[in-house]
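> I'd like to ask you about the structure that follows.
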Amino acid sequence: KNSKIKLKLNKKTNNIMKKAVLTLVVVLVGLVGFSQTNNQKLKYVTTAPDGTVAMTVLDDLSSNDMKLESANDFYRYEILEPTTAEAVYESTNMGKECTIDKSQLSAGTYDIRLYTSNFVITSKITISASRKIHSPAIAPAQDAVAARD
231 KNSKIKLKLN KKTNNIMKKA VLTLVVVLVG LVGFSQTNNQ KLKYVTTAPD GTVAMTVLDD
291 LSSNDMKLES ANDFYRYEIL EPTTAEAVYE STNMGKECTI DKSQLSAGTY DIRLYTSNFV
351 ITSKITISAS RKIHSPAIAP AQDAVAARD
């Protein structure tokens, strides 16, 4: 009888272990899948003096693209080296949004200027050296909106 009881206990223990291992595998696969598909995006907003949104930068940390949006149509934007005020990246635009390729920029802090028919919107952005790693790629500072003459 003792050997039959031990055999039944071994089968029960074996089944419990199989279920525990299977549950652990399912949980780990789910966590790994989630961490690989979790696209992080950062959103930075520059406001006008009246509190309305003037410019928004959307940064997809899993790619080299950064989206620039404005409340108004803008015809040009520039990314400037702040110490020299020289444009390191510039382009024309039609409409309220565009995509900027971050791989064209070295890591560092830049001024970004967006030109509308009535305003020049200015903000600071920081491009991280680890653009594709899940760490902050753009950080705004000292936002400003100036009326055009």
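To convert a position in the sequence shown, counted from 1, into the working numbering, add 230. The beta carbon of each residue, even a glycine, is placed where N, CA and C say it ideally should be.
#1: Using a 10 Å radius around the Cβ and a threshold of 16 neighbouring Cβ atoms, would you call M324 buried or exposed?
#2: Below 8 Å between beta carbons: does that hold for I357 and A337?
#3: With a 10 Å radius around its C-beta and 16 neighbouring C-beta atoms as the bar for buried, classify Y340 as buried or exposed.
#4: Alpha carbon to alpha carbon, how far is V318 from S293? Give it in angstroms, no decimals.
#5: Specify, as a first and last residue, the run of the beta strand (DSSP E) that A284 falls within.
#6: Would you kindly work out how many angstroms separate the C-alpha atoms of T329 and V283, rounded to a whole number?
#7: Thinking C-alpha only, which one of L272, V287, K273 is nearest T352?
#8: Going by DSSP in three states, S293 sits in which element: helix, strand or coil?
#9: Excluding the 5 residues flanking Y305 on each side, which residues of the same chain have their C-beta closer than 8 Å to its C-beta?
#10: Over what stretch of residues does the beta strand (DSSP E) that includes L310 continue unbroken?
#11: Could you spell out where the beta strand (DSSP E) holding A278 opens and where it closes?
The short version:
#1: Here residue 324 refers to the residue found at position 94 when the sequence shown is read from its first residue. M324 comes out exposed.
#2: Residue numbering aside, residue 357 sits at position 127 when the sequence shown is read from its first letter. Residue numbering aside, residue 337 sits at position 107 when the sequence shown is read from its first letter. Annotated as proximal: I357 and A337, with beta-carbon spacing under 8 Å.
#3: Here residue 340 refers to the residue found at position 110 of the sequence shown. By the 10 Å Cβ count, Y340 comes out buried.
#4: Here residue 293 is taken as the residue at index 63 of the sequence shown, counted from 1. Here residue 318 is taken as the residue at index 88 of the sequence shown, counted from 1. When the Cα atoms are used, S293 and V318 turn out to be separated by approximately 20 Å.
#5: Along the sequence shown, one-based indexing puts residue 284 at 54. Unbroken beta strand (DSSP E) run through A284: 283 to 290.
#6: Mapped onto the sequence shown, residue 329 falls at position 99. Mapped onto the sequence shown, residue 283 falls at position 53. Distance from the CA atom of T329 to the CA atom of V283, rounded to whole angstroms, is 18 Å.
#7: Here the question's residue 352 lines up with position 122 in the sequence shown. Closest option to T352, judged by alpha-carbon separation, among L272, V287, K273: V287.
#8: On the sequence shown, position 63 is the one that residue 293 refers to. The DSSP-derived three-state label of S293 is coil.
#9: Taking the sequence shown and counting its residues from 1, the one referred to as residue 305 is at position 75. Same-chain partners within the cutoff: T322, N323, M324, Y345, T346, S347.
#10: Within the sequence shown, numbered from 1, the residue matching residue 310 stands at position 80. Taken as a continuous stretch (DSSP letters only), the beta strand (DSSP E) holding L310 covers 304 to 311.
#11: Within the sequence shown, the letter at position 48 stands for residue 278. Judged by DSSP secondary structure, A278 falls outside any beta strand (DSSP E); it is assigned neither H nor E.
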